[in-house]
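Q: So for the sequence shown, this note's numbering puts the first residue at 15; every next one is plus one.
Idealized CB from N, CA, C, for every residue including glycine.
This structure is a prediction, so every number in the text was calculated from the model and none was measured.
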Amino acid sequence: MPYCGICDVYFEIYYEHVNTPEHRAREAREVESARRYTERRKTAGGFLSKVATPVDALREDVERIRRALKNLLTFR
């Protein structure tokens, strides 16, 4: 039985499931969430980092902040 990761359900016929209003709404929310995440990454660092997961993005942000603080303390 096929599985839909967006809706977290198993279904019988692919096209019947994909055309349901519930699936389309969840898919639209997921696409919007990904778009907002990409925009945040662009504005946060001035460029879009190549990160695989939000955890990788957090690690990258922490490293960037650590370097900035180290630079601040070095110049004082």
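Using the C-alpha atoms, what's the distance from R40 back to N32?
A: Along the sequence shown, one-based indexing puts residue 32 at 18. Along the sequence shown, one-based indexing puts residue 40 at 26. Note on identity: in this sequence residue 32 is Val, with Asn being the wrong assignment. Answer to the nearest angstrom: the Cα atoms are 11 Å apart.
Q: Considering T26, what are the terminal residues of the alpha helix (DSSP H) in which it resides?
A: Your numbering for residue 26 matches position 12 in the sequence shown. Contrary to the premise, residue 26 reads as Glu rather than Thr in this sequence. First-last for E26: undefined, no H or E at that position.
Q: Just checking my contact of P35 with F25 at CB under 8 Å: how many whole Å lie between their CB atoms?
A: Position 21 of the sequence shown, counted from the first residue, corresponds to residue 35. Position 11 of the sequence shown, counted from the first residue, corresponds to residue 25. Wrong, their Cβ atoms sit about 14 Å apart, outside the cutoff.
Q: If we ignore side chains and look at the alpha-carbon of each, how far apart do R80 and A71 end up?
A: For the purposes of this step, residue 80 is taken as residue 66 along the sequence shown, with counting starting at 1. For the purposes of this step, residue 71 is taken as residue 57 along the sequence shown, with counting starting at 1. Roughly 14 Å between the two C-alpha positions.
Q: According to DSSP, Y51 sits in a beta bridge with which residue or residues?
A: What you label residue 51 is simply residue 37 of the sequence shown in a count that begins at 1. BP columns for Y51 are empty, so no partner.
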